[in-house]
Amino acid sequence: MTNTLSDEALDLLFREARSYNGWLDKDVSDEQIHAIYELLKMGPTSANQQPGRFVWCKSQDSRERLASHASEGNRQKILDAPVCVIIGYDLDFHEQLPWLFPHTDAKSWFAGDADARKESAFRNSVLQGAYLMLAARALGLDCGPMSGFDQDATTKEFFADQPRYRADWLCSIGYGDRSTIFDRSPRPEFDTFNKLL
Numbered sequence: 001m002t003n004t005l006s007d008e009a010l011d012l013l014f015r016e017a018r019s020y021n022g023w024l025d026k027d028v029s030d031e032q033i034h035a036i037y038e039l040l041k042m043g044p045t046s047a048n049q050q051p052g053r054f055v056w057c058k059s060q061d062s063r064e065r066l067a068s069h070a071s072e073g074n075r076q077k078i079l080d081a082p083v084c085v086i087i088g089y090d091l092d093f094h095e096q097l098p099w100l101f102p103h104t105d106a107k108s109w110f111a112g113d114a115d116a117r118k119e120s121a122f123r124n125s126v127l128q129g130a131y132l133m134l135a136a137r138a139l140g141l142d143c144g145p146m147s148g149f150d151q152d153a154t155t156k157e158f159f160a161d162q163p164r165y166r167a168d169w170l171c172s173i174g175y176g177d178r179s180t181i182f183d184r185s186p187r188p189e190f191d192t193f194n195k196l197l
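Encoded structure:
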């Protein structure tokens, strides 16, 4: 691939993108949610594991239920957002590998090794959550990623029918209210945390 994104696109995804704390009263449609997923699923994961499991809390009831498990500072961010996504992962993602990665017997790499499955599920689902944010931004939406919630209680409530799923972090999605963002925090120069060998 030789094409590069325009400066406008890079601003949209990275340079001008911000984490929002408040939202405009503007809906995010089911079609937009599906479009975000159709993009995020294309991001690479190890052996195409696709361990991310997503709950899109769009209804008022689902957001109220989710907010009840959040820290005081995050409750209103969830309630006011058009959508708040629970990004979780499947500890038994390897059961899906025969069709997700049919080139070889990848399921056997993880069978009987719960620690390896947890590590890989966590790492790759976080990647998928990052792809989710980039997809939402690419489609003209804003994001408000957050932790600060009871992961166990959220897991029990929203993944009750899937006992091997775990909630990890949250991301509100919508049209951000610019009055709710802080001044951008410092970003380190390359030499601060990098080595080029």
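According to full-length UniProt numbering, the sequence shown is numbered sequentially starting from 1.
A virtual CB, placed ideally from N, CA and C, is assigned to each residue, including glycine.
The structure displayed is predicted, hence computed values, not measured ones.
Assigned with DSSP and collapsed to three states, Pro98 falls in helix. Pairing Leu100 with Asn48 gives a Cβ-Cβ distance under 7 Å. The shortest C-alpha to C-alpha distance from Ser147 to any of Glu72, Leu141, Ala111 and Tyr175 is the one to Glu72.
The C-beta of Asp90 has 16 or more other C-beta atoms within 10 Å across all chains shown, which makes the residue buried.
Looking only at Glu8, Gly88 and Ser29, the smallest Cα-Cα distance to Phe158 is reached by Gly88. Ile87 carries a strand assignment under DSSP once its states are collapsed to helix, strand and coil. Under the criterion of beta carbons closer than 8 Å, Thr154 and Ala135 do not qualify as touching, at roughly 22 Å. For Arg187, the three-state secondary structure derived from DSSP is coil.
In the three-state reduction of the DSSP assignment, Leu170 falls in the strand class, which pools E and B.
A contact is defined here as three or more CB-CB pairs under 8 Å, and the region 33-40 meets this definition with respect to the region 119-137.
CA-CA distance, Pro82 to Gln32, rounds to 12 Å.
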